[in-house]
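Chains as they are written, first to last, in our numbering: chain A, 72 to 191; chain B, 337 to 723; chain C, 8 to 226.
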């Protein structure tokens, strides 16, 4: 009965191949990590681009201040505060302002009876 | 009392692969579940911001949709359907049609909405300007009250917080009820548009507000929740009927086979459709602040600003602060206005606690839930590009 | 060849241990992975529910990485020889691949070309398993350790690569198991890797002729 075995040790060629595989593994890991870091860095770029889009649009607008909007002046003069531009008028308060948290049920009550009060 | 809506707008579908990414995105810790376990959103804690939705690697989180109702309203010839679009929609809608982020498609958007069958195309930017008028005036009243000027005793305390972000409002109502007096009583631009359209708009169009359907196109999923809040009935009807997101609008445009990129430019309709640059920047973090400063400065100082850009409040850092010197003509002094801009609800807690403890020196604080502002809202096109 | 008597030590103790560790890890990883990817509660309940199955999956993954790593560091010579063997394709290997070594029923082969320690099919399998393990480990750890910081685009890419690599590896390992344990021509090798490491010299001389000629006789 004879036992056969592989020869121990390795040749230069075998050593280089084994080392190369380990080196390739390290390089692949590095490339993958670099890829991940690049994605991580670029993942929020679109936010800045969209913000810049709004600022560029703002610069191209003829009117850039809210109080210079002619339709704003018109709605105050004709509807919200007849005769002038007076924000937080009674009508503006009714339509454009609200309340929060525990004040909401009272606000709903008021709004539901608002028309009746004005009709009366 | 918090909100009345039991079921939230945002929910995790069965496609959840339990990757656990969303729990780090959620600003309020509403999402429960461990790695490997299907996740669940607690509607009581959820502020409906949709950040988890746009950040889910599997697209497994979805929002409640009103597209069907909008379609029905559009097909109903007895209804006058008017539409408003938020500032952030116009620089992101193009992405769904292959354009680069930040490309302005405002005028094509108006044209597409008309093609979809909306009877009148207005613009939320008009009511954003209205918000500045109301909220800015309220701020001036609060500052005058704090300075001891007579006649403003009924004004609220300083600092004043902005009220445009429905996610932030729900968060404050749920977690910090004592901060509520500090929040501007002005409604958000979307909720200002509803009553304005159903009263002034209906008057101008000569229609019965009952036959009017107000649809908004928003970059935001929390707006869907906001329009359903029970107190939003100032016009005598439900102020804003339906909210669709930027994504849903793009889907509608694609479903109707509209060649979006080749549409001719159009403008918004008259009376409640004209907008300004100040309203446009509402969609970016710091934009409400900048727009308010432009108006407050010119009204208080009664002189014209040479440079309307306030670079100090721009940027993408989560918490930014700045001081603007405003010469107040009525008082004859220079007033240093301390402002703060918060983007991302995760960062607002320390600011609120400073205010509640009386340590805060700010006059005006802008809070937006989404990092970067509305342009990165939960209803915006989902970006999975890498570089 | 009938005069060849004796046994060939094909896989030494550490190799067999590494193979066992890797095999058990692979089965656990495959089962848990399938369980929570497709919500198969019957499987995940064996591991204590989806969350625990995921925990088992992750820590088995650590073993799946460290087992072979330690083996390679301790047996670098053997590993280098293995890499050399599976990366060398001679004319004989290509001839073997053309006839699939006689394993495919409808291709009749009189005498397959002489093969090295591993035949051409095994060489390709070895290469694919190395690439697959590398991909699955590289994508697996970010999904676990940096799931909060990494952007959704990268995470979804990791999940996709992880998933498809896993599917391909399960198929490969299934084929490997069939040939090494069930197929009548090659199942004699089962015992050498799974049990004592020895193969009959006669079989080796027939299946791995090139390699057998290089072996040294100990006794």
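Just so it is clear, CB atoms sit at the ideal spot from N, CA and C, and this is done for glycine as well. All figures in this text were calculated on a predicted structure; none of them were measured in a lab.
- Between residue 609(B) and residue 140(A), the alpha-carbon positions lie close to 11 Å from each other.
- Between residue 583(B) and chain C, the shortest Cβ-Cβ separation is not below 9 Å.
- Take residue 657(B), set aside five residues on each side of it, and the residues of its chain with a beta-carbon closer than 8 Å to its own are 674, 675, 676, 677, 698, in chain order.
- Only residues of its own chain outside the window of five on either side were considered, and among them 525, 528, 529, 532 have a CB closer than 7 Å to the CB of residue 463(B), listed in chain order.
- The Cβ atoms of residue 72(C) and residue 174(C) do not sit closer than 9 Å to each other.
- Contacts with chain B (Cβ-Cβ distance below 9 Å) from the region 83-113 of chain A involve 106, 109, 110, 112, 113, listed in chain order.
- At least 9 Å separates the CB of residue 404(B) from every CB of chain A.
- By the criterion of a C-beta distance shorter than 6 Å, residue 650(B) is surrounded in its chain by 622, once the five residues flanking it on both sides are discounted.
- Contact with chain A is found for residue 79(C), since one of that chain's Cβ atoms lies less than 9 Å from the residue's Cβ.
- The continuous stretches of beta strand (DSSP E) do not include residue 195(C), and DSSP gives it neither H nor E.
- The C-beta distance from residue 76(C) to residue 32(C) rounds to 12 Å, too long to meet the 8 Å contact threshold.
- Residue 556(B) has its alpha-carbon roughly 12 Å from the corresponding atom of residue 563(B).
- When the five nearest sequence neighbours on each side are left out, the beta carbons in the same chain lying within less than 6 Å of the beta carbon of residue 456(B) are those of 418, 605, in order along the chain.
- In this structure, residue 141(C) sits away from residue 179(C), with a CB-CB distance that is not shorter than 9 Å.
- Judged by DSSP secondary structure, residue 109(A) falls within the alpha helix (DSSP H) whose first and last residues are 83-113.
- Per DSSP, residue 669(B) is one residue of the beta strand (DSSP E) stretching across 669-679.
- For residue 371(B), same chain residues with a beta-carbon under 8 Å away, outside a window of 5 residues either side, are 354, 355, 356 in chain order.
- Residue 561(B) and residue 169(A) have their C-alpha atoms spaced approximately 16 Å apart.
- Each of 81(A), 132(A), 77(A), 98(A) was checked against the Cα of residue 84(C), and the nearest Cα belongs to 81(A).
- Rounded to whole angstroms, the separation of the alpha carbons of residue 360(B) and residue 681(B) is 13 Å.
- Burial is judged here by how many other beta carbons sit within 10 angstroms of a residue's own beta carbon; residue 222(C) has at least 16 and is buried.
- Counting C-beta pairs with one atom in each stretch, the region 91-98 of chain C and the region 121-137 of chain C have three or more that are closer than 8 Å, which means they touch.
- Contact between residue 111(A) and residue 157(C) holds: their C-beta atoms lie close to 6 Å from each other, under 8 Å.
- Across the set 569(B), 421(B), 429(B), the C-alpha of 569(B) shows the shortest separation from the C-alpha of residue 182(A).
- A straight-line Cα-Cα distance of about 39 Å links residue 102(A) and residue 128(A).
- Contacts with chain A (Cβ-Cβ distance below 8 Å) from the region 468-492 of chain B involve 468, 469, 470, 472, 473, 474, 477, listed in chain order.
- Of all C-beta pairs linking the region 148-162 of chain A to the region 629-646 of chain B, fewer than three are shorter than 8 Å, placing the two stretches out of contact.
- In the structure shown, the three-state DSSP call for residue 21(C) is helix.
- With contacts defined as CB atoms closer than 9 Å, residue 382(B) and residue 438(B) fail to qualify as a contacting pair.
- With its beta carbon less than 9 Å from one in chain C, residue 357(B) belongs to the interface.
- The straight-line gap separating the alpha-carbon atoms of residue 480(B) and residue 488(B) is approximately 7 Å.
- Residue environment: residue 98(A) is assigned as exposed (fewer than 16 neighbouring CB atoms within 10 Å of its CB, all protein chains considered).
- The distance from the Cβ of residue 218(C) to that of residue 123(C) is about 5 Å, consistent with a contact at the 8 Å cut-off.
- Around the Cβ of residue 553(B), a 10 Å sphere holds 16 or more other Cβ atoms; the residue is buried.
- Residue 617(B) and residue 185(A) have their C-alpha atoms roughly 35 Å apart.
- Take the alpha-carbon of residue 577(B) and the one of residue 60(C): they are about 46 Å apart.
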